[in-house]
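Residue numbers (the numbering used here), protein chains in the order written: chain A, 63 to 505; chain B, 63 to 505.
Note that CB positions come from ideal geometry on N, CA and C, so glycine has one too.
In this text, all values refer to a predicted model and were calculated from it rather than measured experimentally.
Protein chains: 2
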Amino acid sequence: MIWYYGHESKVRQKGFTMNSQEKLPRTLQIQIDRQLKNADAAKYFLQRIPAKAKDKILKEAAREIERSEKKIIRENAKDLKQARRDGLSPAMIDRLTLTPARIKTMADGVRVVAGLEHPVGRVLSSWKRPNQLKISKVVVPLGVILIIYESRPNVTVECAALCLKSANAVILRGGREAFYSNRVLVAVFEKVLTRYGVPKAAVSMIQTTERRVVDYLLKQDHRINLVIPRGGETLIRKVVEQSRIPVIKHYKGICHVYIDKGADLKKGLQIALNAKVQRPGVCNAMETLLVHRKAAAGFLPALGEKLAEAGCEIRGDAQTCRFIPKARKARAGDYGYEFLDKILAVKVVNSLDDALEHIRIHGSGHTDAIVTRDAKAARIFKNEVDSSSVMVNASTRFADGFEYGFGAEIGISTDKIHARGPMGLEGLTSYKYVVEGNGQVRK
Amino acid sequence: MIWYYGHESKVRQKGFTMNSQEKLPRTLQIQIDRQLKNADAAKYFLQRIPAKAKDKILKEAAREIERSEKKIIRENAKDLKQARRDGLSPAMIDRLTLTPARIKTMADGVRVVAGLEHPVGRVLSSWKRPNQLKISKVVVPLGVILIIYESRPNVTVECAALCLKSANAVILRGGREAFYSNRVLVAVFEKVLTRYGVPKAAVSMIQTTERRVVDYLLKQDHRINLVIPRGGETLIRKVVEQSRIPVIKHYKGICHVYIDKGADLKKGLQIALNAKVQRPGVCNAMETLLVHRKAAAGFLPALGEKLAEAGCEIRGDAQTCRFIPKARKARAGDYGYEFLDKILAVKVVNSLDDALEHIRIHGSGHTDAIVTRDAKAARIFKNEVDSSSVMVNASTRFADGFEYGFGAEIGISTDKIHARGPMGLEGLTSYKYVVEGNGQVRK
Numbered sequence: 063m064i065w066y067y068g069h070e071s072k073v074r075q076k077g078f079t080m081n082s083q084e085k086l087p088r089t090l091q092i093q094i095d096r097q098l099k100n101a102d103a104a105k106y107f108l109q110r111i112p113a114k115a116k117d118k119i120l121k122e123a124a125r126e127i128e129r130s131e132k133k134i135i136r137e138n139a140k141d142l143k144q145a146r147r148d149g150l151s152p153a154m155i156d157r158l159t160l161t162p163a164r165i166k167t168m169a170d171g172v173r174v175v176a177g178l179e180h181p182v183g184r185v186l187s188s189w190k191r192p193n194q195l196k197i198s199k200v201v202v203p204l205g206v207i208l209i210i211y212e213s214r215p216n217v218t219v220e221c222a223a224l225c226l227k228s229a230n231a232v233i234l235r236g237g238r239e240a241f242y243s244n245r246v247l248v249a250v251f252e253k254v255l256t257r258y259g260v261p262k263a264a265v266s267m268i269q270t271t272e273r274r275v276v277d278y279l280l281k282q283d284h285r286i287n288l289v290i291p292r293g294g295e296t297l298i299r300k301v302v303e304q305s306r307i308p309v310i311k312h313y314k315g316i317c318h319v320y321i322d323k324g325a326d327l328k329k330g331l332q333i334a335l336n337a338k339v340q341r342p343g344v345c346n347a348m349e350t351l352l353v354h355r356k357a358a359a360g361f362l363p364a365l366g367e368k369l370a371e372a373g374c375e376i377r378g379d380a381q382t383c384r385f386i387p388k389a390r391k392a393r394a395g396d397y398g399y400e401f402l403d404k405i406l407a408v409k410v411v412n413s414l415d416d417a418l419e420h421i422r423i424h425g426s427g428h429t430d431a432i433v434t435r436d437a438k439a440a441r442i443f444k445n446e447v448d449s450s451s452v453m454v455n456a457s458t459r460f461a462d463g464f465e466y467g468f469g470a471e472i473g474i475s476t477d478k479i480h481a482r483g484p485m486g487l488e489g490l491t492s493y494k495y496v497v498e499g500n501g502q503v504r505k
Numbered sequence: 063m064i065w066y067y068g069h070e071s072k073v074r075q076k077g078f079t080m081n082s083q084e085k086l087p088r089t090l091q092i093q094i095d096r097q098l099k100n101a102d103a104a105k106y107f108l109q110r111i112p113a114k115a116k117d118k119i120l121k122e123a124a125r126e127i128e129r130s131e132k133k134i135i136r137e138n139a140k141d142l143k144q145a146r147r148d149g150l151s152p153a154m155i156d157r158l159t160l161t162p163a164r165i166k167t168m169a170d171g172v173r174v175v176a177g178l179e180h181p182v183g184r185v186l187s188s189w190k191r192p193n194q195l196k197i198s199k200v201v202v203p204l205g206v207i208l209i210i211y212e213s214r215p216n217v218t219v220e221c222a223a224l225c226l227k228s229a230n231a232v233i234l235r236g237g238r239e240a241f242y243s244n245r246v247l248v249a250v251f252e253k254v255l256t257r258y259g260v261p262k263a264a265v266s267m268i269q270t271t272e273r274r275v276v277d278y279l280l281k282q283d284h285r286i287n288l289v290i291p292r293g294g295e296t297l298i299r300k301v302v303e304q305s306r307i308p309v310i311k312h313y314k315g316i317c318h319v320y321i322d323k324g325a326d327l328k329k330g331l332q333i334a335l336n337a338k339v340q341r342p343g344v345c346n347a348m349e350t351l352l353v354h355r356k357a358a359a360g361f362l363p364a365l366g367e368k369l370a371e372a373g374c375e376i377r378g379d380a381q382t383c384r385f386i387p388k389a390r391k392a393r394a395g396d397y398g399y400e401f402l403d404k405i406l407a408v409k410v411v412n413s414l415d416d417a418l419e420h421i422r423i424h425g426s427g428h429t430d431a432i433v434t435r436d437a438k439a440a441r442i443f444k445n446e447v448d449s450s451s452v453m454v455n456a457s458t459r460f461a462d463g464f465e466y467g468f469g470a471e472i473g474i475s476t477d478k479i480h481a482r483g484p485m486g487l488e489g490l491t492s493y494k495y496v497v498e499g500n501g502q503v504r505k
């Protein structure tokens, strides 16, 4: 089965010139160039596939993942064997491990994507000009997306599904530690795509662990429209420094909760606890708590108790330590640090302005929250905190594509260009202007 | 007069570390760093200024430009003197020259910006989640914008006004040939800003022509949110290669018009003429005309005549030369070349698909048009041409912020990230999520 308007396109390609300094072995470069050309051709094909057909392919991919369970586990075992040989940490080995239950979860994830609304083709706005030109702003795919990620093989499936849904060709560059797992998962997609007459280059993977390939890819801005790095800060910084292609990213989440004077302290306590200990290892967990000095006496002792119960260490300024004797004295470096652990920096501030200033200096533009009963304080906080998500009387942990109702999350961006904050399928699209006339010319 | 909520902020700054290889003289680096810090502080201030106050400042700036006419002309004369000494072309000297009439036009341009709708603060969408969290997507400024441009001093005024309107701090880096003109224009803005109690760093200029400063600036991605290069392709490519900050740009406009079989040839002729000769030196002018072979005999002879009358040279393939004997034979390099002149490449194609393929190979993603009476052909063209503007039965020359009704144009983007196509004030904004609750925590 093939879906297109019935006119096949012979996509030839622009001459490709190499102008970067990265010395890639010649045969490898030829291979990568061919892969990029194929992805480019697949991108045009994808735009012709009707929405329903894409969902059908996705559902079939979900079934095929389940059918391939044994093969996936076999390939995953190769990665696990190597991981043990390389002495990877138990946490990393756990992230790498695929079980029948996890494979089922991946397949169900693809079904969820199949059920989402299609982002592409939507008319964002449309207007008529005095000269009767009709102008429409229409959502289009980005084109070719490069995903660079680490360890978890489920990212492979998730990204393949989201890119297919949004009619983007995707090039996957997973970590070497998950090479065999990623390869078998991509093969599943290729098989299903081929079955439906779609060029398999719509979902492809870099078939080598050669590191220079990444540097080379990051210079191919005439072939790749967007890079999404998913992984640790070191990986992301490297990608940003090397890339000539736009990058959507967030380095880290230094999330603050500020307890205002006169705040509902019970709610404040719930929010602070939730933001810190419900899942301390994620980017939207709180790292620093700021407390107005007039709220300190009423709030901090109870907080100290609750956090101690939860096994959470407190590093506070002198004021904090007065109210929480068990707290350690904070060092300067504790503010603005991403603990990703059951450790919380606490500071007593003199005013809302001091809190805002602290966030400006130490925040990372991810998510910050205020707990307050004062409408004016809430308004100032909402306006002036320059973060991708600003919470009023709610936990920072809500900064998440699923919690916002997007049905999917490609990542979180702390950039201000293109998508910002939790990024759903919309983040994988652009738009174009379609101008319709009846012979108009410019005067 | 000072507008803010009545609580002053003592904006301190993050420690600044230099980690680029560009050796900037130490005193100069300190000076640039201070300027960046001040722009950063000004950015927060700008967000507090009410919309009406910004318009008042803009109108005052317009008046001040007019009042400063003599001083502006005096400073401009210094640039002109140097330009003549350096042997700049008459065209470049003309672009550089400020006359009382041109100064009045600049001032009126600022008044137009004052009258535009404010992009910032608008709620793009707002929804409630099952847990009663209210989520709003709110337009915010980008922060600090760096503009790198060449020769025309009116860009200084235009960019200052647009950034002020959208509550962004702007750092201007004009060409050395317009140094004195730019400096006096920025001084006018600084004077007005100071008069209204706004930090003058909201509009600042790099006060040196030292070239290494640009390389240094392009690495300051923690201070600058967006770079807009305005100038020739060489300048833009250099900026993209150096920049760690997102860049909005277009390299060039290789715009195509395709005359479909069965098209209204009279309209086709009007559109082709308008697209080519009305203003050949701009990026939305047509560079290549594609004609369906069934339309060639009816269309090309008349086109040949009209273009000859307009003094436009034709470079055609063999088919074209059959119908237009005066046409020169096109060489391969003529297709996909940006003439920016009264020269047109023409090619006869066998089908719509061939036209699409030609555009894919030679286009630059700027603007392409089809002239057709066939609704299906129009639909395919609209869907498959991957350009920022796609025209049906209209001249490519309409691809323009003013023609689209944006009231302003910051530039045209052929990127797919962030703004695409003609970019109005909206392109200078981002958004944030504001989440309002009453104590919600994540389960």
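On the three-state DSSP scale, how would you describe residue i?
i	result
residue 428(B)	coil
residue 362(A)	helix
residue 374(B)	coil
residue 161(B)	coil
residue 505(B)	coil
residue 483(B)	strand
residue 152(A)	helix
residue 270(A)	coil
Just to confirm, are residue i and residue j a CB contact at a threshold of 8 Å?
i	j	result
residue 209(B)	residue 129(B)	no
residue 331(A)	residue 306(A)	no
residue 173(A)	residue 121(A)	yes
residue 397(B)	residue 350(B)	yes
residue 233(A)	residue 254(A)	no
residue 384(B)	residue 407(B)	no
residue 455(A)	residue 329(A)	yes
residue 218(B)	residue 236(B)	yes
residue 506(B)	residue 457(B)	Nothing in the structure corresponds to residue 506(B), since chain B is present only between 63 and 505.
residue 134(B)	residue 246(B)	yes
If you follow the alpha helix (DSSP H) that residue i is in, where does it begin and where does it stop?
i	result
residue 258(A)	No alpha helix (DSSP H) contains residue 258(A), which DSSP labels as neither H nor E.
residue 126(B)	113 to 129
residue 182(B)	Run containing residue 182(B): none; DSSP gives neither H nor E here.
residue 303(A)	295 to 304
residue 446(A)	437 to 446
Apart from the five residues on each side of it in sequence, which residues of its chain come closer than 8 Å, Cβ to Cβ, to residue i?
i	result
residue 178(B)	227, 469, 470 and 487
residue 386(A)	362, 363, 365, 366, 376, 378 and 408
How should residue i be labelled, buried or exposed, when 16 other C-beta atoms within 10 angstroms of its C-beta is the threshold for buried?
i	result
residue 239(A)	buried
residue 359(B)	exposed
residue 441(A)	exposed
residue 203(A)	buried
residue 185(B)	exposed
residue 141(B)	buried
residue 149(A)	exposed
residue 494(A)	buried
Hey, quick one: how far does the beta strand (DSSP E) through residue i stretch, first residue to last?
i	result
residue 203(A)	196 to 203
residue 500(A)	491 to 502
residue 190(A)	185 to 190
residue 208(A)	206 to 211
residue 193(A)	That residue, residue 193(A), is in no beta strand (DSSP E); it is neither H nor E in DSSP.
residue 328(B)	It is not in any beta strand (DSSP E) - residue 328(B) instead sits in the alpha helix (DSSP H) that spans 327 to 339.
Excluding five sequence neighbours on each side, which residues of the same chain lie with their C-beta closer than 6 Å to the C-beta of residue i?
i	result
residue 180(A)	113
residue 497(A)	195 and 197
Less than 7 Å between C-beta atoms, sequence neighbours within five positions excluded: which residues of the same chain meet that for residue i?
i	result
residue 463(B)	470, 471, 484, 485 and 486
Residues of chain D with CB under 8 Å from residue i, in chain order?
i	result
residue 454(B)	Absence of chain D from the displayed structure is noted, the protein chains being A and B.
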